[in-house]
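Protein chains in written order, with this note's numbering: chain A, -1 to 110; chain B, 17 to 131.
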Amino acid sequence: EADIYQTPRYLVIGTGKKITLECSQTMGHDKMYWYQQDPGMELHLIHYSYGVNSTEKGDLSSESTVSRIRTEHFPLTLESARPSHTSQYLCASSEFTQETQYFGPGTRLLVL
Amino acid sequence: AQKITQTQPGMFVQEKEAVTLDCTYDTSDQSYGLFWYKQPSSGEMIFLIYQGSYDEQNATEGRYSLNFQKARKSANLVISASQLGDSAMYFCAMREGQRDDKIIFGKGTRLHILP
Chain A
-1 EADIYQTPRY LVIGTGKKIT LECSQTMGHD KMYWYQQDPG MELHLIHYSY
49 GVNSTEKGDL SSESTVSRIR TEHFPLTLES ARPSHTSQYL CASSEFTQET
99 QYFGPGTRLL VL
Chain B
17 AQKITQTQPG MFVQEKEAVT LDCTYDTSDQ SYGLFWYKQP SSGEMIFLIY
67 QGSYDEQNAT EGRYSLNFQK ARKSANLVIS ASQLGDSAMY FCAMREGQRD
117 DKIIFGKGTR LHILP
């Protein structure tokens, strides 16, 4: 099982602010993912990474960006937050040869 | 067309009864994987069980089992002896083929266990 952490757990912020959602895992997993989930709805993949310096866009278009400078760290950044970005953001990771993704606790973002 | 269909938006089940959560999937790939995740009100996604398309036996993990019917493209989750703590959203998900390992999620079923 992966130990995967996300901070902050909750964030309320005004329109136009720059925000970074942190995601870290301590299991040395190569693959990491960001999902966006509106309340009571399914998850949508917005970014993923197969390893250091690898980032790809997911199936759902997002104005956010990601970076993967270290294996254990996969932060997501919104340059200018808008109310439409209000959602829950879930980070996940998996071993390169394994199917199962393990999720962090999520960040609930509210943009006013 | 939806890749993962969960037809039960919500279910109410008496404590200690068994419950089956339905999931059907759509893929033309021969190799794929099926997952079930639990999401309590706190928001985290908890991995429950995995079934590979070539696995002949139904997957089991404790009180969870996956009723895999390949010809019907069905991957129902069965929870035996339900507990109050089982109340949560349950998501069925699929990884298609071997091109990449992106997972597609269904819309979920909200399960309520009644005391």
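Glycine included, C-beta positions come from ideal geometry on N, C-alpha and C.
DSSP, reduced to helix, strand and coil, places GLY101/B within a helical segment of the structure shown.
The segment 91 to 109 of chain B and the segment 119 to 126 of chain B touch, with no fewer than 3 CB-CB distances between them shorter than 8 Å. Annotation: Cβ neighbours of PHE121/B in chain A (cutoff 7 Å, chain order): GLU40 and LEU41.
Between ARG79/B and chain A, the shortest Cβ-Cβ separation is not below 8 Å. Taking 8 Å as the threshold, the shortest C-beta distance from GLU97/A to chain B falls below it. About 21 Å separates the beta carbon of ALA97/B from that of GLN67/B, a gap too long to meet the 8 Å contact definition. Counting of Cβ neighbours within 10 angstroms places GLN73/B among the exposed residues, the total staying below 16. Residue environment for GLY38/A: exposed (fewer than 16 other C-beta atoms within 10 angstroms of its C-beta). Taken atom to atom, the span from the alpha-carbon of ALA90/A to that of GLY78/B is near 23 Å. Non-local beta-carbon contacts of SER85/A in its own chain, meaning distances under 7 Å to residues more than five positions away in sequence, involve GLN34, GLN35, ASP36 and LEU107 in chain order. Counting along the chain, the unbroken beta strand (DSSP E) around GLN4/A starts and ends at 2 to 5. Here the segment 87 to 105 of chain A makes contact with the segment 11 to 28 of chain A; the two share three or more CB pairs at distances below 8 Å. Between the segment 7 to 27 of chain A and the segment 64 to 78 of chain A, the count of C-beta pairs closer than 8 Å reaches three or more; the two stretches touch.
Around the Cβ of TYR70/B, a 10 Å sphere holds fewer than 16 other Cβ atoms; the residue is exposed. Residue LYS32/B holds the alpha-carbon nearest to the alpha-carbon of PRO131/B among LEU37/B, LYS32/B and GLY49/B. Between ARG80/A and THR13/A the beta-carbon gap is near 6 Å, inside 8 Å, which marks them as a contact. At a beta-carbon threshold of 8 Å, the residues of chain B lying near PHE101/A are TYR53, GLU60, MET61, ILE62 and PHE63, ordered along the chain. Within chain A, the residues placing a beta-carbon under 9 Å from that of TYR66/B are GLU97 and THR98, ordered along the chain.
For ILE44/A, the enclosing beta strand (DSSP E) stretches over residues 41 to 47. Shortest Cα-Cα distance from GLU70/A to any of LEU110/A, ASN51/A and SER78/A involves ASN51/A. Taking 8 Å as the CB threshold, PHE107/B lines the interface with chain A. Excluding five sequence positions before and after LEU100/B, the CB atoms of its chain that fall closer than 7 Å to its own CB belong to GLU31, ILE129 and PRO131, given in chain order.
Taking 8 Å as the cut-off, the Cβ atoms of TYR41/B and MET110/B count as close. Apart from sequence neighbours up to five positions away, the residues of its chain that approach SER81/B with a beta-carbon distance below 8 Å are ILE65, ASN74, ALA75, LEU93, VAL94 and SER96, ordered along the chain.
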